[in-house]
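Heads up, the thing below is written out as structure tokens.
Numbering (this note's numbering), first residue to last: 12 to 232.
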């Protein structure tokens, strides 16, 4: 089995090595063909949470993109559901650049045409809205939750389950997780069990699209 090396960019500053590598480990466990090297942007401990912080992050992301290309990785994942700097990265380097927002949205459309988005806070990332278009039938978020640390508490998890159930009540047949922080705490299987409809994890979705982008060439040889 051929293995590919993937450069994964976390869009917040992380000192903890285990936390930094968690998204990569999820991908490696799901897709043994992929070996993931993770790096994070500097001086943004709270990550990206509005347009200003996204603009601040873009040059930092692009520096890491170029760094990864110079190191010889096969593809790059920007592990954020807002797809920050993804379009710019595609113009900068010749290897595949995959954003979590467009990946999770595209994969969700393979599961159904009535899709609800479970966000960390109130706003659905623009790229998710654009890809889902008229298939986006509902949006919700856990009440009182402001960051992924809240989701790691018992009450935060319960609020996430309640929000997912509300999406189903609003006619959603598929749920997209609109924040990769939800991947960090691996909440997708919990929600799927509680709600009974497919829940699409953005980090796993990036693995699907990345592997396809690398393996499709092999299929035609």
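Glycine included, each C-beta is placed from N, C-alpha and C at the ideal position.
Note that the structure is predicted; figures quoted are calculated from it, not measured.
Over the uninterrupted beta strand (DSSP E) stretch that includes residue 46, give me the two end residues. 45 to 51
Within this structure, are the beta carbons of residue 148 and residue 127 separated by less than 8 Å? yes
Straight-line CA distance for residue 85 to residue 143? 28 Å
Sort out for me which residues DSSP pairs residue 210 with in a bridge. 186
The beta strand (DSSP E) spanning residue 35 covers which residue range? First-last for residue 35: 33 to 41, but that is the alpha helix (DSSP H), not the beta strand (DSSP E).
With DSSP as the reference, identify every bridge partner of residue 150, one or two as the case may be. 128
Contact check, residue 20 vs residue 50 under 8 Å by CB: the rounded distance? 6 Å
Going straight from the alpha carbon of residue 41 to that of residue 215, what length do you get? 7 Å
Opening and closing residue of the beta strand (DSSP E) in which residue 108 lies: 108 to 110
Could you give the residue range of the alpha helix (DSSP H) that holds residue 20? Segment 15 to 21 is the beta strand (DSSP E) holding residue 20; no alpha helix (DSSP H) there.
Let me make sure I understand the geometry here. Which of 222, 231, 230 has the alpha-carbon closest to that of residue 16? 222
Using a threshold of 8 Å, state whether the C-beta atoms of residue 202 and residue 230 are closer than that. no
Can you list, in chain order, the residues of its chain with a C-beta nearer than 8 Å to that of residue 193? Leave out the 5 residues immediately preceding and following it. 129, 131, 159, 162, 171, 199, 212, 213
According to the neighbour-count rule (16 or more other Cβ atoms, all chains shown, within 10 Å of its Cβ), is residue 27 buried or exposed? exposed
Counterpart residues of residue 87 in DSSP-defined beta bridges: 18, 108
Would you kindly check if the distance between the Cβ of residue 123 and the Cβ of residue 92 is under 8 Å? no
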